[in-house]
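Q: A single structure is presented below for examination.
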Amino acid sequence: MLQKEYPTLTGTNTFLERVDDAFGLAYIPTNFSDWNVPAPTTVQEALDRIAASIGPI
9 MLQKEYPTLT GTNTFLERVD DAFGLAYIPT NFSDWNVPAP TTVQEALDRI
59 AASIGPI
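For what it's worth, the numbering used here labels the leading residue of the sequence shown as 9, then goes sequentially.
See below:
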C-alpha cells in the first residue's frame with residue numbers, strides 16, 4: 009500500500025484545507041474555438057491537454 013505524502017507547512021497558523029479535486033469537475037469552455045476538437049469535458053482533461061501542449065517546465 010502506498011503511503012500518502014503530505015506537504016510540509018511552515019509558519020504560524022499555517023494550514024491546508026483540501027476543497028476538491030479537478031478530476032471529476034465538469035468543464036464547459038467559454039470559447040470552443042480555443043480548443044482542438046473535441047473540447048475537454050473535465051478540468052482534469054483540460055489541464056492535461058494544456059500541460060501536454062506547453063511541455064515540461
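Note that the Cβ used here is the ideal one computed from N, Cα and C, for glycine as well. These numbers were taken from a predicted model, which means no experiment stands behind them.
1. What are the boundary residues of the alpha helix (DSSP H) that includes D56?
2. Let me check one thing: in DSSP terms, what residues is A30 bridge-paired to?
3. Just to check my reading of the structure: Y35 and P48 have Cβ atoms closer than 8 Å, yes? What is that Cβ distance to the nearest angstrom?
4. Residues in its own chain within less than 7 Å of Q52 by CB, not counting five upstream and five downstream?
5. Look at L24 and L33 and say whether their C-beta atoms are less than 9 Å apart.
A: Short version:
1. Translated into the one-based positions of the sequence shown, residue 56 becomes position 48. 51–62 is the extent of the alpha helix (DSSP H) around D56.
2. The residue labelled residue 30 in the question sits at position 22 within the sequence shown. Bridge partners of A30: none, in fact.
3. One-based indexing of the sequence shown puts residue 35 at position 27. One-based indexing of the sequence shown puts residue 48 at position 40. Sure, about 6 Å apart at Cβ, within 8 Å.
4. Locating residue 52 in the sequence shown gives position 44, where the first residue counts as 1. So the list reads A30, F31, once near-sequence residues are dropped.
5. As a first step, residue 24 is located in the sequence shown; it is residue number 16 there, counting from the start. As a first step, residue 33 is located in the sequence shown; it is residue number 25 there, counting from the start. Result no, Cβ atoms of L24 and L33 do not sit closer than 9 Å.
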